[in-house]
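Colleague: Below is one structure. I have some questions about it.
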Amino acid sequence: LWSAGVIAFALLAGELPFKGVSEKQVAKLIRNASYSFAGERWAGISQAGRDFVQSLLQLDAAARPSAADALRHPWFAEQLAPLVQPEPPRGEAMTVALQRFAAAPPYRQAC
1 LWSAGVIAFA LLAGELPFKG VSEKQVAKLI RNASYSFAGE RWAGISQAGR
51 DFVQSLLQLD AAARPSAADA LRHPWFAEQL APLVQPEPPR GEAMTVALQR
101 FAAAPPYRQA C
């Protein structure tokens, strides 16, 4: 999930977490998990958002959350909430499906 942390950092900050003047310096920053939440972009990111990124960018792979745990992180769940529509109750789903079927043209009903 390290890569997900790098991507999350880049999406939130508009830049990569590990910035150096040479490939060698960038590699050292990565090996030390040396990044910063400094800057204007991070001022608008909640502490929960920072915690999410920080949890993914743990140097010790064993300390990073599993994919399932990352998806359950409060900040991530909060970001997804507006995109996820709850499944209607079974009875309501059946009613909606039957209404759509009844409103379909006769040739579609025959299929």
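In terms of this note's numbering, the sequence shown opens at residue 1 and continues consecutively. The beta carbon of each residue, even a glycine, is placed where N, CA and C say it ideally should be.
In whole angstroms, what is the alpha-carbon distance linking residue 95 and residue 79?
Modeller: Taking the sequence shown and counting its residues from 1, the one referred to as residue 95 is at position 95. Taking the sequence shown and counting its residues from 1, the one referred to as residue 79 is at position 79. Distance between the alpha carbons of residue 95 and residue 79: 31 angstroms.
Colleague: Can you have a look at residue 53 and say buried or exposed, based on whether 16 or more other CB atoms are within 10 angstroms of its CB?
Modeller: Along the sequence shown, read from residue 1 onward, the residue named residue 53 stands at position 53. So residue 53 counts as buried.
Colleague: How about residue 64 and residue 55: do their beta carbons lie closer than 8 angstroms?
Modeller: Reading the sequence shown from its first residue, position 64 is the one you call residue 64. Reading the sequence shown from its first residue, position 55 is the one you call residue 55. Yes, the pair counts as a contact, with Cβ atoms nearer than the cut-off.
Colleague: Could you say if the region 2 to 14 and the region 33 to 47 meet the contact criterion of at least three C-beta pairs nearer than 8 angstroms?
Modeller: The region 33 to 47 and the region 2 to 14 touch, with three or more beta-carbon pairs separated by less than 8 angstroms.
Colleague: CB-CB under 6 angstroms to residue 58, same chain, minus the five flanking residues each way: which ones, in chain order?
Modeller: In the sequence shown, the residue the question calls residue 58 occupies position 58. Same-chain partners within the cutoff: 64.
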